[in-house]
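>
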Amino acid sequence: MNRLGLRVVALGYLALVLAGPLGIVFWRTFEHGLAPAWNALTQPETIHAFELTLLITAIAVPVNTVFGVVCALAIVRRDFPGKGVLNAFIDLPLALSPVVVGLSLFLLYGRQGWFGGWLEDHGVQVLFALPAMVIATIFVSLPFVAREVVPTLREIGNDQEQAAYTLGAGGWSTFWRVTLPSIRWAVVYGVILTTARCLGEYGAVAVVSGRLQGQTETATLRVQERYESYDLAGAYAISIVLALLAIGVLVGLTVIRPREENA
Amino acid sequence: MSIVVQGVSKRFGDFVALEAVSLDVPSGSLTALLGPSGSGKSTLLRIVAGLETPDCGEIRLEGGDATALAPQQRHVGFVFQHYAPFKHMTVRENVAFGLKVRKKPKAEIRERVEQLLSLVQLQGFGHRYPAQLSGGQRQRMALARALAPEPKVLLLDEPFGALDARVRAELREWLIHLHDVVHVTTVFVTHDREEAMEVADQIAVLNEGRLEQVGAPRELYDEPASEFVMRFVGDAHEVGGVLVRPHDLEFLDGASSDAVEAMIVKSTVLGRDVKVELHGADGAEIVALLTRERFEQLGLWRGQTVWLRPERERVFAPVAA
Amino acid sequence: MTFLTVIVGLPLAALTWAATKEGSQTFRDAITSPQAIAALKLTLLAAVAVALLNAVLGTITAWVLVRDEFRGKAVVNAIVDLPFALPTIVAGLTILALYGPRSPIGVDVTYTRTAIVLAMMFVTLPFVVRTVQPVLEELDAEVEEAARSLGASSLTTFRRVIFPNLLPGILSGMALAFAKAVGEFGALVIITGNLPFRTEVASVYIFGRIESGDTAAAAAVAVVLLLISFAALLLIGAIRHFATKHERA
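Structure representation (structure tokens):
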């Protein structure tokens with residue numbers, strides 16, 4: 033196939049599946065001016081939904097960042113039984129359906145679940161409340177930091193760390209001054225991906241949250257709620273905000289990528 | 050600080066890196082660990098630094114048993130083969146690292162860093178990042194960094210391996226000069242025999258994990274303890290069942306019982322010397338080295354049959370092929 | 046390690062337990078209920094179709110991004126990552142905007158199986174592209190030139206020199222796309238209408254079962270999906286292993 037032909041196929045494919053639909057959403061949202069969109073966005077439940085999403089993200093991202101870095105260090109620098117299992121488990125959230133994730137948490141923390149009874153007796157509400165939503169979000173966004181950091185760590189090798197040891201730096205000191213700075217762009221890249229995933233999570237949270245408006249409804253859940261209430265304008269408006277965040281993420285990634293590759 | 054290596058062995062899985070190596074490094078000396086790849090020299094160096102632990106044996110630093118000490122506690126400066134620069138720090142920050150970790154006062158750090166940058170001729174480069182330096186400059190930075198915390202021992206792992214010939218020669222000179230000035234016990238690893246011969250006070254030759262010989266360069270050259278050492282430290286060829294160096298072959302007027310017959314195949318003028326390639330009676334290739342003067346004196350020509358007598362031969366049992 | 050166990054291991058164990066709690070008979074019943082089978086069959090067929098479509102279109106896209114030059118290429122390259130960043134529910138909504146009831150081009154695929162494939166394509170678009178791109182970039186143009194200088198036509202060069210190198214990348218991209226498509230929920234839940242036996246995919250079926258309180262049935266089908274995910278991961282690992290075989294001494 034000649035060059036032009038291929039280009040047409042590729043661009044056409046992207047336009048039909050990706051760009052076209054997204055463009056229409058933008059158009060439809062502002063079709064009747066800014067007012068309807070603005071109204072939809074400033075409803076109290078919507079604002080709460082955004083706040084909830086941001087709160088969950090603010091908790092999940094740091095947790096997964098720490099986990100990811102620790103995991104990456106363990107995988108690359110140490111040998112221990114079960115390393116292969118660890119590796120496989122880290123990738124699992126990527127391949128698993130969000131509904132399956134939600135269900136398993138539901139089963140664990142629900143009233144008849146393994147922990148549910150005990151927790152309820154102690155007045156701790158996990159399911160249909162913030163904790164379950166946070167746990168679900170952590171689960172699905174688990175792999176990103178680790179997967180970004182592992183290849184970078186591997187490539188850097190531990191020469192710099194050994195040099196630091198000979199110069200008198202202890203383990204912790206070496207980690208802060210040498211290891212962490214040398215992987216910082218990979219960590220940032222991973223954090224950006226994790227954040228995007230947290231902001232956009234739907235399926236798992238849908239199962240465990242109970243979708244109570246104004247209480248356990250995240251931004252993504254609200255989109256669906258608005259759609260089902262025939263408030264298309266509202267659904268589109270929230271979607272636009274989320275889409276703009278996604279585009280912001282893309283821009284961030286594109287800017288960071290060269291630095292990550294040259295690290 | 051003196052170093053004593055006593056009976057050190059190390060294996061990596063099935064691979065024997067070092068076998069019962071014992072070595073004395075006097076305080077203030079400049080020692081080379083010389084050997085081919087896989088001979089264990091880098092492993093030995095790293096064991097002295099504390100970056101690897103030996104399976105058995107001892108390392109004594111200034112008389113004290115250091116075998117169990119972590120690298121941080123040994124006060125050794127280590128220069129890695131590829132320099133291991135802290136890529137995210139400037140040259141100045143790299144050099145200052147060892148001092149910062151020891152929580153020295155800022156003014157003291159600044160002064161010492163400037164001093165070292167002058168010593169390694171990198172003054173003015175302090176604000177640059179390692180990626181912006183040439184190979185030779187990075188090497189000098191690595192040295193300054195290792196010297197900053199005033200180590201008692203300086204260890205260098207193939208320090209000039211990654212550089213081109215001219216820079217290598219310059220840095221060699223420079224290392225000798227540095228050692229004269231700083232007087233710290235220095236051990237460096239190399240596979241380059243010229244480098245070892247030119248720079249070191251004593252050379253330890255390693256082969257397949259075993260120490261073959263230790264001694265001053267001249268000693269190793271003139272009195273090699275094994276065939277391996279003889280061949281590794283200089284050229285040597287087998288002539289009539291003995292090993293002899295090219296310049297130790299004497300051309301005789303006529304046949305003699307202690308001489309070997311050979312035919313001249315080619316002669317090449319190499320500056321002041323002439324390299325003469327010959328084929329022995331059994332087809333073996335022999336190389337002789339003569340001064341131009343002697344060559345012309347003898348009036349040798351291609352195809353001529355001559356008689357060669359080794360003036361200073363070595364016999365090792367067994368003489369392997 | 047503990048963290049991982051608590052967050053990931055325990056819930057999955059609970060899932061498996063719940064699924065089999067009622068005994069293997071219930072499990073089998075749940076799985077073989079006509080609705081469940083229909084959902085699974087639909088999901089698998091659609092995912093396979095999507096994986097194949099991705100293989101072709103994704104490779105072409107990767108090729109164009111690496112080998113072609115045109116204005117705005119950098120933007121196009123960045124757009125490919127959009128499905129990674131966009132919430133799945135928004136993805137569903139955007140597909141609906143162009144191909145739904147109020148479509149400006151008059152196409153309405155709501156409640157059809159085409160919608161399923163379309164939505165799955167949206168969310169899996171980056172996978173093959175991103176696994177093939179680096180391979181193409183690494184592939185020395187000189188290798189192709191060598192092949193041509195030895196007399197191979199463009200097609201032959203592609204078939205014998207380029208394609209074998211791309212194959213592992215294409216396969217692992219396909220496996221990732223398949224795994225994602227099989228489990229996709231958010232993008233499908235609005236657009237497909239979830240009509241049992243017609244457009245209900247496995248993930249939606251599970252969700253429905255949870256909402257009606259039949260957690261055993263939900264868990265059973267969920268375990269099936271879990272096993273498929275594991276299988277996909279193993280497959281990707283195996284592909285990676287074999288692909289780098291000739292690079293290891």
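So the sequence lines, in the order shown, correspond to chains F, Y and D.
Using the working numbering, read the first sequence as starting at 33 and increasing by one per residue.
Using the working numbering, read the second sequence as starting at 50 and increasing by one per residue.
Using the working numbering, read the third sequence as starting at 46 and increasing by one per residue.
Even for Gly, the Cβ is constructed at its ideal location relative to N, Cα and C.
(1) Is it the case that the Cβ atoms of residue 365 of chain Y and residue 292 of chain Y are separated by a distance below 8 Å?
(2) So, does the CB of residue 159 of chain F fall closer than 8 Å to a CB anywhere in chain D?
(3) Which residues share a DSSP beta bridge with residue 64 of chain Y?
(4) Under DSSP, the alpha helix (DSSP H) around residue 262 of chain D begins and ends at which residues?
(5) Ordered along the chain, which non-local residues of its own chain (more than five positions away) have a Cβ less than 6 Å from that of residue 270 of chain Y?
(6) Is it true that the CB of residue 110 of chain D sits closer than 8 Å to the CB of residue 101 of chain D?
(7) Could you tell me whether the Cβ atoms of residue 50 of chain F and residue 287 of chain D are closer together than 8 Å?
(8) Which stretch, first to last residue, makes up the beta strand (DSSP E) that contains residue 262 of chain Y?
(9) Give the residues from the segment 102-125 of chain F that approach chain Y closer than 9 Å (Cβ to any Cβ), ordered along the chain.
(10) Per DSSP, which residues does residue 323 of chain Y bridge with? Please list them.
(11) Taking Cβ-Cβ distances shorter than 8 Å, what residues in chain C pair up with residue 262 of chain F?
(12) Going by the beta-carbon positions, is the gap between residue 238 of chain F and residue 100 of chain F smaller than 8 Å?
(13) List, in order along the chain, the chain F residues whose C-beta lies closer than 7 Å to that of residue 151 of chain Y?
(14) Which residues in chain F sit within 8 Å of residue 98 of chain Y, going by Cβ to Cβ distance?
(15) Is the Cβ-Cβ distance between residue 88 of chain F and residue 250 of chain F less than 8 Å?
(16) Does the Cβ-Cβ distance between residue 234 of chain Y and residue 202 of chain Y come in under 8 Å?
(17) Whole angstroms is fine: what's the gap from residue 370 of chain Y's alpha carbon to residue 363 of chain Y's?
(18) Within 8 Å (strictly less), CB to CB, does residue 68 of chain F reach chain D?
(19) May I have the straight-line CA-CA distance separating residue 294 of chain D from residue 182 of chain Y, to the nearest angstrom?
(20) If we call anything under 8 Å between Cβ atoms a contact, is residue 127 of chain Y one with residue 204 of chain Y?
(21) What does residue 135 of chain Y reach in chain F if we use C-beta pairs closer than 9 Å?
(22) Contact criterion: CB-CB distance below 8 Å. Does residue 205 of chain F meet it with respect to chain Y?
(23) Identify the residues that DSSP records as bridge partners of residue 287 of chain Y: which are they?
(24) Taking its Cβ as the centre, do 16 or more other Cβ atoms sit within 10 Å of residue 69 of chain F, making it buried, or is it exposed?
(25) Return the Cβ separation of residue 148 of chain Y and residue 197 of chain Y in integer angstroms, given the expectation that the two are a contact with Cβ distance under 8 Å.
(26) Quick check on DSSP: helix, strand or coil for residue 165 of chain F?
(27) Please report how far the alpha carbon of residue 39 of chain F lies from the alpha carbon of residue 120 of chain F, in whole angstroms.
(28) For residue 283 of chain D, count the other beta carbons within 10 Å of its own beta carbon; 16 or more makes it buried, fewer makes it exposed. Which is it?
(29) Of all the options D:266, D:93, D:252, D:105, which has the alpha carbon lying nearest to the alpha carbon of residue 211 of chain D?
(30) Assuming residue 223 of chain D contacts residue 133 of chain D (C-beta within less than 8 Å), just tell me the rounded distance between them.
(31) Less than 7 Å between C-beta atoms, sequence neighbours within five positions excluded: which residues of the same chain meet that for residue 107 of chain F?
(32) Is residue 71 of chain Y helix, strand or coil when you go by DSSP?
(33) Excluding the 5 residues preceding and the 5 following residue 297 of chain Y in the sequence, name in chain order all residues of the same chain whose CB lies nearer than 8 Å to its CB.
(34) Once you ignore the five residues that flank residue 206 of chain Y on each side, which residues in its own chain have a CB closer than 8 Å to its CB?
(35) Identify every run of the beta strand (DSSP E) within the segment 158-205 of chain D, keeping only runs that are complete inside it and at least 3 residues long; order them along the chain.
(36) For a cutoff of 8 Å on Cβ pairs, would you count residue 103 of chain Y as touching chain F?
Well, looking at it:
(1) Walking along the second sequence from the start, residue 365 of chain Y turns up at place 316. Walking along the second sequence from the start, residue 292 of chain Y turns up at place 243. Taking 8 Å as the Cβ cut-off, residue 365 of chain Y and residue 292 of chain Y qualify as a contacting pair.
(2) Residue 159 of chain F sits at position 127 when you count from the first residue of the first sequence. No, because no Cβ of chain D sits closer than 8 Å to the Cβ of residue 159 of chain F.
(3) In the second sequence, residue 64 of chain Y corresponds to position 15, counting from 1. Paired residues: Y:61.
(4) Counted from its first residue, the third sequence places residue 262 of chain D at position 217. Looking at the DSSP string, the run of the alpha helix (DSSP H) that includes residue 262 of chain D is 260-288.
(5) Within the second sequence, numbered from 1, the residue matching residue 270 of chain Y stands at position 221. Here the set comprises 282, 283.
(6) Start at 1 with the first residue of the third sequence, and residue 101 of chain D comes out as number 56. Start at 1 with the first residue of the third sequence, and residue 110 of chain D comes out as number 65. The answer is no: Cβ separation not under 8 Å.
(7) In the first sequence, counting from the first residue as 1, residue 50 of chain F sits at position 18. In the third sequence, counting from the first residue as 1, residue 287 of chain D sits at position 242. No. Outside cutoff.
(8) Residue 262 of chain Y sits at position 213 when you count from the first residue of the second sequence. First-last of the beta strand (DSSP E) with residue 262 of chain Y: 259-264.
(9) none
(10) Taking the first residue of the second sequence as position 1, residue 323 of chain Y is located at position 274. Paired residue(s): Y:318, Y:339.
(11) Of the chains in the structure shown, none is chain C; the protein chains are F, Y and D.
(12) Position 206 of the first sequence, counted from the start, is the residue given in the question as residue 238 of chain F. Position 68 of the first sequence, counted from the start, is the residue given in the question as residue 100 of chain F. Not in contact: residue 238 of chain F and residue 100 of chain F (Cβ atoms no closer than 8 Å).
(13) Within the second sequence, residue 151 of chain Y is the residue found at index 102, counting from 1. 200, listed in chain order.
(14) As a working mapping, residue 98 of chain Y is identified with position 49 in the second sequence. Per Cβ cutoff of 8 Å: 198.
(15) Taking the first sequence and counting its residues from 1, one reaches residue 88 of chain F at position 56. Taking the first sequence and counting its residues from 1, one reaches residue 250 of chain F at position 218. Yes, these two residues count as a Cβ contact at 8 Å.
(16) Looking up residue 234 of chain Y in the second sequence gives position 185. Looking up residue 202 of chain Y in the second sequence gives position 153. Going by C-beta atoms, residue 234 of chain Y is nearer than 8 Å to residue 202 of chain Y.
(17) Along the second sequence, read from residue 1 onward, the residue named residue 370 of chain Y stands at position 321. Along the second sequence, read from residue 1 onward, the residue named residue 363 of chain Y stands at position 314. Interpretation of residue 370 of chain Y is limited by its pLDDT of 47, a score under 50 that renders its predicted location unreliable; the figure taken from the coordinates is listed afterwards. Roughly 15 Å separates the two Cα atoms.
(18) Residue mapping note: residue 68 of chain F aligns to position 36 of the first sequence, counting from 1. It does not: the Cβ of residue 68 of chain F has no partner Cβ on chain D nearer than 8 Å.
(19) Along the third sequence, one-based indexing puts residue 294 of chain D at 249. Along the second sequence, one-based indexing puts residue 182 of chain Y at 133. Low confidence applies to residue 294 of chain D: its pLDDT is 42, below 50, so where it sits in the model is not reliable, and the reading given next is rough at best. The straight-line gap from Cα to Cα measures roughly 34 Å.
(20) Walking along the second sequence from the start, residue 127 of chain Y turns up at place 78. Walking along the second sequence from the start, residue 204 of chain Y turns up at place 155. Yes, these two residues count as a Cβ contact at 8 Å.
(21) As a working note, residue 135 of chain Y is residue 86 in the second sequence. Within 9 Å Cβ-Cβ: 192, 195, 196, 209, 210, 213, 214.
(22) Walking along the first sequence from the start, residue 205 of chain F turns up at place 173. Closer than 8 Å to some Cβ of chain Y, the Cβ of residue 205 of chain F qualifies, so yes.
(23) The sequence position of residue 287 of chain Y within the second sequence is 238, counting from 1. Partner(s): Y:292.
(24) To locate residue 69 of chain F, count along the first sequence from 1; it is residue 37. It is buried - the Cβ of residue 69 of chain F has at least 16 other Cβ atoms within 10 Å.
(25) Numbered from its first residue, the second sequence carries residue 148 of chain Y at position 99. Numbered from its first residue, the second sequence carries residue 197 of chain Y at position 148. With 8 Å as the limit, residue 148 of chain Y and residue 197 of chain Y qualify as a contact, their Cβ atoms being about 6 Å apart.
(26) The sequence position of residue 165 of chain F within the first sequence is 133, counting from 1. It is helical.
(27) Within the first sequence, the letter at position 7 stands for residue 39 of chain F. Within the first sequence, the letter at position 88 stands for residue 120 of chain F. Cα-Cα distance, rounded: 37 Å.
(28) As a first step, residue 283 of chain D must be located in the third sequence, where it is residue number 238. Its Cβ having fewer than 16 others within 10 Å, residue 283 of chain D is exposed.
(29) One-based indexing of the third sequence puts residue 211 of chain D at position 166. When only C-alpha atoms are compared, the closest one is D:105.
(30) Within the third sequence, the letter at position 178 stands for residue 223 of chain D. Within the third sequence, the letter at position 88 stands for residue 133 of chain D. In fact, because the Cβ distance is near 16 Å, the residues do not count as touching under 8 Å.
(31) Numbered from its first residue, the first sequence carries residue 107 of chain F at position 75. So the qualifying residues of the chain are 115, 118, 119, 182.
(32) Within the second sequence, numbered from 1, the residue matching residue 71 of chain Y stands at position 22. In the structure shown, residue 71 of chain Y sits in a strand (DSSP, three-state: E or B).
(33) Within the second sequence, residue 297 of chain Y is the residue found at index 248, counting from 1. Only 359, 360, 361, 362 meet the Cβ criterion.
(34) Position 157 of the second sequence holds residue 206 of chain Y. Contacts found: 91, 94, 95, 127, 128, 129, 130, 237, 238.
(35) none
(36) Taking the second sequence and counting its residues from 1, one reaches residue 103 of chain Y at position 54. No, its Cβ sits nowhere closer than 8 Å to a Cβ of chain F.
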